[in-house]
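Participant: Line order of the protein sequences matches chains A and B.
Mapping of the first sequence onto the UniProt record's numbering: residues 1 to 229, in sequence order.
Mapping of the second sequence onto the UniProt record's numbering: residues 1 to 229, in sequence order.
A virtual CB, placed ideally from N, CA and C, is assigned to each residue, including glycine.
Before I ask anything, let me first share the structure, which is written out below as structure tokens.
There are 2 protein chains.
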Amino acid sequence: MLNNYSKEDKVLLAVDCIIFGFDGQDLKILLIKRDFEPEKGKWSLIGGFLKKEENLDESAIRILNHLTGLHDIYMEQFYAFSKVDRDPAERTISVAYYALIDIATSEKELIQLNSAKWFSLEKAPKLIFDHNQMVKHAVRRLKYRTKTNPIGFELLPDKFTMLQLQNLYESVLNKKLDKRNFTNKINALDILIKLEEKDMESSKKGSFLYQFDLEKYNEKLKEGFVFKI
Amino acid sequence: MLNNYSKEDKVLLAVDCIIFGFDGQDLKILLIKRDFEPEKGKWSLIGGFLKKEENLDESAIRILNHLTGLHDIYMEQFYAFSKVDRDPAERTISVAYYALIDIATSEKELIQLNSAKWFSLEKAPKLIFDHNQMVKHAVRRLKYRTKTNPIGFELLPDKFTMLQLQNLYESVLNKKLDKRNFTNKINALDILIKLEEKDMESSKKGSFLYQFDLEKYNEKLKEGFVFKI
DNA sequence: TCAAAAGTGTTGGGCTTACACCCATGA
DNA sequence: TCATGGGTGTAAGCCCAACACTTTTGA
Numbered sequence: 001m002l003n004n005y006s007k008e009d010k011v012l013l014a015v016d017c018i019i020f021g022f023d024g025q026d027l028k029i030l031l032i033k034r035d036f037e038p039e040k041g042k043w044s045l046i047g048g049f050l051k052k053e054e055n056l057d058e059s060a061i062r063i064l065n066h067l068t069g070l071h072d073i074y075m076e077q078f079y080a081f082s083k084v085d086r087d088p089a090e091r092t093i094s095v096a097y098y099a100l101i102d103i104a105t106s107e108k109e110l111i112q113l114n115s116a117k118w119f120s121l122e123k124a125p126k127l128i129f130d131h132n133q134m135v136k137h138a139v140r141r142l143k144y145r146t147k148t149n150p151i152g153f154e155l156l157p158d159k160f161t162m163l164q165l166q167n168l169y170e171s172v173l174n175k176k177l178d179k180r181n182f183t184n185k186i187n188a189l190d191i192l193i194k195l196e197e198k199d200m201e202s203s204k205k206g207s208f209l210y211q212f213d214l215e216k217y218n219e220k221l222k223e224g225f226v227f228k229i
Numbered sequence: 001m002l003n004n005y006s007k008e009d010k011v012l013l014a015v016d017c018i019i020f021g022f023d024g025q026d027l028k029i030l031l032i033k034r035d036f037e038p039e040k041g042k043w044s045l046i047g048g049f050l051k052k053e054e055n056l057d058e059s060a061i062r063i064l065n066h067l068t069g070l071h072d073i074y075m076e077q078f079y080a081f082s083k084v085d086r087d088p089a090e091r092t093i094s095v096a097y098y099a100l101i102d103i104a105t106s107e108k109e110l111i112q113l114n115s116a117k118w119f120s121l122e123k124a125p126k127l128i129f130d131h132n133q134m135v136k137h138a139v140r141r142l143k144y145r146t147k148t149n150p151i152g153f154e155l156l157p158d159k160f161t162m163l164q165l166q167n168l169y170e171s172v173l174n175k176k177l178d179k180r181n182f183t184n185k186i187n188a189l190d191i192l193i194k195l196e197e198k199d200m201e202s203s204k205k206g207s208f209l210y211q212f213d214l215e216k217y218n219e220k221l222k223e224g225f226v227f228k229i
């Protein structure tokens, strides 16, 4: 085929995933102990290399599934990191994705991994390369995203209490919210189904469980509704 | 150096720039006639390949400068496009940047280029590869950006009228704005300097010229002020 | 009976939007 | 004098933030 690309430099293209989880209390990220050189044995984001026959989204899904067993996960590309010596072994550009998962329901799939561990954001260890910077970037993006999209769909279990949802928003936004205002706002969005059922774990009185109403959500989304919290 | 990257696929990494300009009336993008195969002679974004010794930002700056003569341009990375066959010649991933420039003041530098041309957004031709999709993506991002940042700094000449600024916002947001409300909002941001001088081109009465107050802007930015229009 | 979490409304202030007329000037 | 674009203010409604007490029930 006619082209004059042949003199151009080729590079390795990595995909790294910041996997956010929520345990009902704190926002966490999933990290693994790297099992190959360089930096073998150090904590790292979940990552791998783009293959010739896949695009970046497919690559991110493959890598996540291969290293954790997780599938059907919400992921979004957010930035390409390219400092020349970010990987000391070889020139590598990394395209970063963030993923949102519910810790509780994914636990079964993750349990077999002894090299992966959840860390709450504040207690995350020093990571290899520029991975700490990637995490910071991803947190900023997630925070931003709450201004236009609900994040609970992916991060919470199917049924959850209002307090869990509020805790999630407080964790992501990193500030306290008023309980009454939060409830009012969420109810105004009109995308939750209040169940008859109560969660009896957290208190004697019990608190009502909710579900996201995916159908209503999609309708409103189509109409250009903005889900601002 | 110890590593086992050697079996991984390497790819070409392109950088493509969506260059936005504003002529006081319409939002435009700068395109060039491609002068190499494949797709030689077709309209294309300004682009090139990442070199081993530079990061993506540096690459974008180099490519823009090399092809247009422009320098000191505001640029921001926004997305990596990676469909497997997006470039039919060879597997290429493209990291897209958008740039904001003032058409009037950059004209001198651009004038020597016979292969580059400004197109208003609606009248842009069909572009090679996935470049039309990139443009669409960039426009969406620019629109989004107006919700938190003024965009006039980069897109308007040093001195401009209130109507030009309003036209710019109307072009980007793709909707009509009310003149009085717009003026009130902009004045409330308190980052413009109203000059004594008037622009006499547009009307018999003449209209006052404004300048951005970069110092005030930076102060407010530091305080976390959000420049919502 | 008490401790602990759940649940629930109102009000004031600020912001946003809608809206129309006079001014200055050159032709 | 008239046509053209420039410039200006207010009122209503909506949204947001602040705020505290009652309910339930297991221990």
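For the stretch 4-19 of chain A, which residues have a beta carbon sitting closer than 8 Å to at least one beta carbon of chain B?
Facilitator: Within the stretch 4-19 of chain A, the qualifying residues are 4, 5, 8, 9, 10, 11, 12, 13.
Participant: Classify residue 94 (chain B) as helix, strand or coil using the three-state DSSP reduction.
Facilitator: Three-state DSSP puts residue 94 (chain B) in a strand.
Participant: To the nearest angstrom, report how far apart residue 95 (chain A) and residue 154 (chain B) are at their CA atoms.
Facilitator: Cα to Cα, residue 95 (chain A) sits roughly 28 Å from residue 154 (chain B).
Participant: Compare the C-beta of residue 90 (chain B) with all C-beta atoms of chain A and state if any pair is closer than 8 Å.
Facilitator: Chain A, which has a Cβ nearer than 8 Å to the Cβ of residue 90 (chain B), makes this yes.
Participant: Checking contacts by CB at 8 Å: is residue 186 (chain A) closer than that to chain B?
Facilitator: Judged by the 8 Å Cβ criterion, residue 186 (chain A) is not in contact with chain B.
Participant: If you draw a straight line from the C-alpha of residue 106 (chain B) to the C-alpha of residue 69 (chain B), how long is it?
Facilitator: Taking the straight line from one Cα to the other gives about 9 Å.
Participant: Leaving aside the five residues before and after residue 62 (chain A) along the sequence, list all residues of the same chain whose C-beta is less than 6 Å from its C-beta, in chain order.
Facilitator: Contacts found: none.
Participant: Can you list, in chain order, the stretches of the alpha helix (DSSP H) that have 4 or more residues and sit fully within the UniProt domain "Nudix hydrolase" (10-143) of chain A?
Facilitator: Qualifying alpha helix (DSSP H) stretches, in chain order: 56-68, 103-110.
Participant: Just to make sure I have the definition right: I need the residues of chain A whose C-beta is within less than 7 Å of the C-beta of residue 44 (chain B). Which are they?
Facilitator: None at all; the shortest Cβ gap to chain A is about 14 Å.
Participant: Output the distance between the C-alpha atoms of residue 102 (chain B) and residue 71 (chain B), rounded to the nearest integer angstrom.
Facilitator: Roughly 12 Å separates the two Cα atoms.
Participant: Would you kindly report the start and end of the unbroken beta strand (DSSP E) that includes residue 193 (chain B)?
Facilitator: Run containing residue 193 (chain B): 192-199, per the beta strand (DSSP E) assignment.
Participant: Could you check whether the Cβ of residue 82 (chain B) sits closer than 8 Å to any Cβ belonging to chain A?
Facilitator: Closer than 8 Å to some Cβ of chain A, the Cβ of residue 82 (chain B) qualifies, so yes.
Participant: Would residue 52 (chain A) pass as an interface residue toward chain B - the criterion being a Cβ-Cβ separation below 8 Å?
Facilitator: For residue 52 (chain A), the answer is yes, since a Cβ of chain B falls inside 8 Å of its Cβ.
Participant: Under three-state DSSP, which class holds residue 160 (chain A)?
Facilitator: Here residue 160 (chain A) sits in strand by DSSP.
Participant: List the DSSP bridge partners of residue 207 (chain A).
Facilitator: A:199, per the DSSP bridge assignment.
Participant: Hey, would you say residue 91 (chain B) sits closer than 8 Å to residue 172 (chain B), going by beta carbons?
Facilitator: Result no, Cβ atoms of residue 91 (chain B) and residue 172 (chain B) do not sit closer than 8 Å.
Participant: Report buried or exposed for residue 84 (chain B), applying the criterion of at least 16 other Cβ atoms within 10 angstroms of its Cβ.
Facilitator: Per the 10 Å Cβ criterion, exposed.
Participant: Can you grab the Cα-Cα spacing for the pair residue 196 (chain A) / residue 78 (chain A), in whole Å?
Facilitator: Approximately 39 Å between the Cα atoms of the pair.
Participant: Since residue 55 (chain B) meets chain A, which of its residues come closer than 7 Å, beta carbon to beta carbon?
Facilitator: Those are 82, 83, 84, listed as they occur along chain A.
Participant: Mapping the DSSP letters down to three states, classify residue 227 (chain B) as helix, strand or coil.
Facilitator: The answer is coil: DSSP assigns residue 227 (chain B) none of H, G, I, E or B.
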